[in-house]
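Visitor:
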Amino acid sequence: MEEGDGQLEARLAEGDVFEPSESFMEGANVSDPDIYDEFEENWPECWEAAADLLEWESPYEQVLDDSNPPFYEWFTEGKLNASANCLDRHLDDRGDEVAIEWIGEPVEEANRSFTYAELHREVNEFAAALRELGVGEDDIVTMYMPMIPELPIAMLACARIGAPHSVVFAGFSAEALATRMNAADSEYLVTCDGYYRRGDPLDHLDKANEGLDAVEHETSTVVVDRLGANDDDFGHDLTDDQYDYGALVEDNAGAEVDPVVRDAEDMLFLMYTSGTTGQPKGVKHTTGGYLSWASWTSQAVLDVKPEDTYFCAADIGWITGHSYIVYGPLALGTTTMMYEGTPDYPDRDRLWEIIDEYDATQLYTAPTAIRAFMKWGTTYPEGYDLSSLRLLGTVGEPINPRAWKWYYTHIGNEECPIVDTWWQTETGGMMVTTLPGIKDMKPGAAGPPLPGVDVRIVDATGEEVDAGQAGYLTVQKPWPGMLRTLYRNDERYIREYWAEYSDTESDDPDDWVYFPEDGAKIDEDGYITVLGRVDDVINVSGHRLGTMEIESAIVGVEGVAEAAVVGGDHDLKGEAVYAYVITEDGYEGGDELRERIIAGVEEAIGPIARPEQVVFTPDLPKTRSGKIMRRLLENIADGDELGNTSTLRNPEIVEDIQKQVQG
Ligand code: 6R9
1 MEEGDGQLEA
11 RLAEGDVFEP
21 SESFMEGANV
31 SDPDIYDEFE
41 ENWPECWEAA
51 ADLLEWESPY
61 EQVLDDSNPP
71 FYEWFTEGKL
81 NASANCLDRH
91 LDDRGDEVAI
101 EWIGEPVEEA
111 NRSFTYAELH
121 REVNEFAAAL
131 RELGVGEDDI
141 VTMYMPMIPE
151 LPIAMLACAR
161 IGAPHSVVFA
171 GFSAEALATR
181 MNAADSEYLV
191 TCDGYYRRGD
201 PLDHLDKANE
211 GLDAVEHETS
221 TVVVDRLGAN
231 DDDFGHDLTD
241 DQYDYGALVE
251 DNAGAEVDPV
261 VRDAEDMLFL
271 MYTSGTTGQP
281 KGVKHTTGGY
291 LSWASWTSQA
301 VLDVKPEDTY
311 FCAADIGWIT
321 GHSYIVYGPL
331 ALGTTTMMYE
341 GTPDYPDRDR
351 LWEIIDEYDA
361 TQLYTAPTAI
371 RAFMKWGTTY
381 PEGYDLSSLR
391 LLGTVGEPIN
401 PRAWKWYYTH
411 IGNEECPIVD
421 TWWQTETGGM
431 MVTTLPGIKD
441 MKPGAAGPPL
451 PGVDVRIVDA
461 TGEEVDAGQA
471 GYLTVQKPWP
481 GMLRTLYRND
491 ERYIREYWAE
501 YSDTESDDPD
511 DWVYFPEDGA
521 KIDEDGYITV
531 LGRVDDVINV
541 SGHRLGTMEI
551 ESAIVGVEGV
561 AEAAVVGGDH
571 DLKGEAVYAY
581 VITEDGYEGG
591 DELRERIIAG
601 VEEAIGPIAR
611 PEQVVFTPDL
621 PKTRSGKIMR
631 RLLENIADGD
641 ELGNTSTLRN
651 PEIVEDIQKQ
661 VQG
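Every letter in the sequence shown is one number past the one before it in the numbering used here, and letter 252, counting from 1, is 252.
What follows is the structure, encoded as structure tokens:
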């Protein structure tokens, strides 16, 4: 018999604690509890442990140069190449072992494995092709591709020639692609003709071309022929500045490209992410610091070993895929899996079938997926042998204890530890989570900060809060995987991440505090529960979306006068987009306009930003100074108590809106 939901939630709320199993602890990569004290005493030199996981062309001189905060430098003067670290150094021992296990659509037909030797060859050939196109060191190459092997191949090829990549999630719109290429002055794009979704071919090049039309400078584009010349082909003709990937690679068959020696602080990639204002932020990550952080956390937290078949079900278009499908796992020489499809196609057992078939050893995914699995029911995983799994992980949003327990019981068979990992695009890798071979787990709490990571929960004045009190999550010391700046915008870097809690006039690193814009609380044991964003960013299915970006898409729709967007609670997605819209005079707030608004958002950002509800209202609740009371709109979306509305300029509007939302 299963415990009733209410009972279980109550028991977990009382602070249930789960110990990692003996068998896991015995084999864990990191198992000595002294690591926490040792790293604290030996900071920042403790991070030599991360740098030691890499192969350096020439050694670094200083672990941390903090002479110019918050522009920290790590492993200064060290030289290395990320592609050599992910490929070349494994060739002798692991050349014939599988590096990437790709499971593509259509099911069964499209699977490919790449051994390290094969991946090395593909990367070299494409690196040579990129050079031939004129890509030089430090040129930014944009990638707009779904989960196909050419994506990591292109990333590693760029890393090999010292050209930073900027990957744009394939689900993003043409407009989002153009914004990012323009912002980075990126003259090169790697994309594909199309791909499959639930068995159906989807035109991708059409969208890429539309984006390219809005790029302000000359570009060269490489197009992967993903669909092949069959009925599914959309019959695109390549233009003069577009090159066929297959032909380029064939021309460079057998080519070898010496890895370009990069400085530890040289940019490895840019990743655009949503922020408070409409303009996406170009987060800059470096070769030495980022790669060592992705590797160390993969080893210590995900317990990755070379002989593993490790499965992260994220998309490489997000930071999780960068760090934990591509760079971390490949730097450690393991087998990393890449799944192109969705978890419910052809049926809702797809992930379990894959894990069973490939004997996957870890599964790292988002709580939103786990909530969907839970809703679909236990019969789907029950039909499969999941005993190859040794560890489970979650990322992207808070996990509610009930989903945690379901994952633990039905997927992990109560034997696999779960790591609930808090981090961000900006942190490069994990920051707050248990070390699975050492620490007990508390469902709902991510855990203590990693060793050597100085996270504290503070109040608005920067004082640490007491256990149990809500406050703001801050990072008080730099770490190797941190972003170095926002691309070409040092001033915004300081304003967005440091200004809140730092003395920005000071050159003493102790006066500088990183603020990730998350709320959190901490318990007596130092376990941190992340409460969610405190800025205008919402988290839909683990994806970060800026409310301002969505609002500006909506006001761009004909007939809309004003819009306010907030995140409301959602059973599966965590949060969903709620849009409150005032129509222009002469326009009706009905289904027709609602559909155009939804289309406008999909066009500007992508389907992930699609509003769950569009509420038409004659006015928005505003303070006397004219600021929209978003908090109130959030409460309405969540169906929460509203409290005092008397300070509003227009309190009568609230009831109106509430009626519409709650029907
Ligand atoms: C890796 C990634 C970052 C934001 C972050 C926070 C939320 C991530 C979380 C979590 C609670 C966790 N977040 N992991 N909240 N528990 N384990 O997701 O990066 O897309 O930049 O999002 O996601 O709000 O600030 P990114």
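For each residue, glycine too, the CB sits at the ideal point set by N, CA and C.
Model, not experiment: these values are computed from the prediction.
On the criterion of 16 or more Cβ atoms from any shown chain inside 10 Å, does A618 qualify as buried, or is it exposed?
Guide: As a first step, residue 618 must be located in the sequence shown, where it is residue number 618. Correcting the residue type first, residue 618 is Pro in the shown sequence and not Ala. The residue is exposed, with fewer than 16 neighbouring Cβ atoms inside 10 Å.
Visitor: Let me check one thing: in DSSP terms, what residues is Q613 bridge-paired to?
Guide: Taking the sequence shown and counting its residues from 1, the one referred to as residue 613 is at position 613. According to DSSP, which records beta bridges pairwise, Q613 is partnered with Y578.
Visitor: Does the Cβ-Cβ distance between L91 and A331 come in under 8 Å?
Guide: For the purposes of this step, residue 91 is taken as the residue at position 91 of the sequence shown. For the purposes of this step, residue 331 is taken as the residue at position 331 of the sequence shown. Result no, Cβ atoms of L91 and A331 do not sit closer than 8 Å.
Visitor: Buried or exposed for D508, going by 16 or more other Cβ atoms inside 10 Å?
Guide: Position 508 of the sequence shown, counted from the first residue, corresponds to residue 508. Classification of D508: exposed, given that the 10 Å Cβ count is below 16.
Visitor: Contact between the segment 125-137 and the segment 178-185: three or more CB pairs below 8 Å?
Guide: With the cut-off at 8 Å, the segment 125-137 and the segment 178-185 do not touch.
Visitor: Of the choices A467, T529 and A159, whose alpha-carbon is the least far from that of P401?
Guide: As a working mapping, residue 401 is identified with position 401 in the sequence shown. Cα-wise, what sits closest to P401 is T529.
Visitor: List the residues that DSSP assigns as beta-bridge partners of G282.
Guide: The count along the sequence shown starts at 1 and reaches residue 282 at position 282. Partner(s): Y272.
Visitor: Between the segment 281-291 and the segment 482-489, are three or more C-beta pairs nearer than 8 Å?
Guide: Because the criterion of three Cβ pairs below 8 Å is met, the segment 281-291 and the segment 482-489 touch.
Visitor: Can you determine whether any heavy atom of ligand 2 sits closer than 7 Å to the C-beta of W422, and answer yes or no?
Guide: This structure simply doesn't include ligand 2; it includes ligand 1 instead.
Visitor: Are the CB atoms of I319 and T239 nearer to each other than 8 Å?
Guide: What you label residue 319 is simply residue 319 of the sequence shown in a count that begins at 1. What you label residue 239 is simply residue 239 of the sequence shown in a count that begins at 1. Using a Cβ distance threshold of 8 Å, I319 and T239 do not count as a contacting pair.
Visitor: Which residue wins for smallest C-alpha separation from Y364, given the options P329, E357, R160 and Y384?
Guide: Taking the sequence shown and counting its residues from 1, one reaches residue 364 at position 364. Of the residues P329, E357, R160 and Y384, the one whose Cα lies closest to the Cα of Y364 is P329.
Visitor: Report back the beta-carbon spacing between V98 and T335 to the nearest angstrom; my notes put them in contact at under 8 Å.
Guide: Reading the sequence shown from its first residue, position 98 is the one you call residue 98. Reading the sequence shown from its first residue, position 335 is the one you call residue 335. Yes, V98 and T335 are in contact; Cβ-Cβ is about 5 Å, under 8 Å.
Visitor: Measuring from the CB of I325, is there a heavy atom of ligand 1 at a distance below 7 Å?
Guide: Numbered from its first residue, the sequence shown carries residue 325 at position 325. Not under cutoff, so the answer is no.
Visitor: Would you tell me roughly how many angstroms separate the C-alpha atoms of L8 and D523, rounded to the nearest one?
Guide: As a position in the sequence shown, residue 8 is number 8, starting the count at 1. As a position in the sequence shown, residue 523 is number 523, starting the count at 1. Bear in mind that a pLDDT of 48 at L8, under 50, signals an unreliable position, so the number given afterwards is only what the model happens to contain. So the alpha carbons of these two residues sit roughly 21 Å apart.
Visitor: Taking the alpha helix (DSSP H) that N85 falls in, what are its first and last residues?
Guide: On the sequence shown, residue 85 is found 85 positions in, with the first residue counted as 1. Per DSSP, N85 belongs to the alpha helix (DSSP H) from A82 to C86.
Visitor: Put S506 into one of helix, strand or coil per three-state DSSP.
Guide: Taking the first residue of the sequence shown as 1, we reach residue 506 at position 506. Reduced to three states, the DSSP call for S506 is coil.
Visitor: Can you tell which of D251, K477, A208 and A470 has the C-alpha that lies nearest to the C-alpha of G171?
Guide: Counting from 1 along the sequence shown, the entry for residue 171 is found at position 171. It is A208.
Visitor: Any heavy atom of ligand 1 inside 7 Å of the beta-carbon of T394?
Guide: Your numbering for residue 394 matches position 394 in the sequence shown. T394: yes, Cβ under 7 Å from ligand 1.
Visitor: Could you give the residue range of the alpha helix (DSSP H) that holds F39?
Guide: Your numbering for residue 39 matches position 39 in the sequence shown. Here the alpha helix (DSSP H) through F39 covers I35 to E41.
Visitor: What's the gap between the Cα of K375 and the Cα of E38?
Guide: The count along the sequence shown starts at 1 and reaches residue 375 at position 375. The count along the sequence shown starts at 1 and reaches residue 38 at position 38. Looking at the two C-alpha atoms, the distance is approximately 43 Å.
Visitor: Nearest to G546 by alpha carbon, out of A576, A561, D525 and A313?
Guide: For the purposes of this step, residue 546 is taken as residue 546 along the sequence shown, with counting starting at 1. When only C-alpha atoms are compared, the closest one is A576.
Visitor: Cβ of V530 versus every heavy atom of ligand 1: is any distance shorter than 7 Å?
Guide: Locating residue 530 in the sequence shown gives position 530, counting from the first residue. Checking the Cβ of V530 against ligand 1 gives yes.
Visitor: So V261 and K79 are supposed to be a Cβ contact under 8 Å. How far apart are they, rounded?
Guide: The residue labelled residue 261 in the question sits at position 261 within the sequence shown. The residue labelled residue 79 in the question sits at position 79 within the sequence shown. Confirmed, Cβ separation roughly 5 Å.
Visitor: What three-state label does DSSP hand S388 in the structure shown?
Guide: The sequence position of residue 388 within the sequence shown is 388, counting from 1. Coil.
Visitor: Cβ of R533 within 7 Å of any heavy atom in ligand 1?
Guide: The residue given as residue 533 occupies position 533 in the sequence shown. Answer for R533: yes, Cβ within range of ligand 1.
Visitor: Hey, is P516 close to ligand 1, as in C-beta under 7 Å from one of its heavy atoms?
Guide: Start at 1 with the first residue of the sequence shown, and residue 516 comes out as number 516. A heavy atom of ligand 1 is found nearer than 7 Å to the CB of P516.
Visitor: Does the Cβ of N539 lie closer than 7 Å to at least one heavy atom of ligand 1?
Guide: The residue you call residue 539 lines up with position 539 of the sequence shown. Yes.
Visitor: Using only CA atoms, which one of L248, D203, G235 and L227 lies nearest to T221?
Guide: As a working note, residue 221 is residue 221 in the sequence shown. Closest by alpha carbon: L248.
Visitor: Using C-beta distances below 7 Å, list every residue in its chain close to V661, excluding the 5 sequence neighbours before and after it, in chain order.
Guide: Mapped onto the sequence shown, residue 661 falls at position 661. Closer than 7 Å at the Cβ level, and outside the excluded window around V661, lie Q613, V615, I636 and A637.
Visitor: Does E584 come out as helix, strand or coil in the three-state DSSP assignment?
Guide: By 1-based counting over the sequence shown, the position of residue 584 is 584. Looking at E584 - three-state DSSP - the assignment turns out to be coil, as it is neither helix nor strand.
Visitor: Closer than 8 Å, CB to CB, is L91 near chain D or not?
Guide: The question asks about chain D, but that chain is absent: this structure has only one protein chain.
Visitor: For H120, report the span of its alpha helix (DSSP H) as first-last.
Guide: For the purposes of this step, residue 120 is taken as the residue at position 120 of the sequence shown. That run of the alpha helix (DSSP H) goes Y116 to L133.
Visitor: The beta strand (DSSP E) with Q242 in it runs from where to where?
Guide: What you label residue 242 is simply residue 242 of the sequence shown in a count that begins at 1. Where Q242 is concerned, the enclosing beta strand (DSSP E) stretches over Q242 to D244.
Visitor: What three-state label does DSSP hand F311 in the structure shown?
Guide: Taking the first residue of the sequence shown as position 1, residue 311 is located at position 311. Residue state, collapsed to three classes: strand.
Visitor: So what's P201 in DSSP terms, helix, strand or just coil?
Guide: The sequence position of residue 201 within the sequence shown is 201, counting from 1. If DSSP states are grouped into helix, strand and coil, P201 belongs with the strands.
Visitor: Residue ranges of each beta strand (DSSP E) run of no fewer than 3 residues wholly in the segment 377-452, ordered along the chain?
Guide: 391-395 and 418-421
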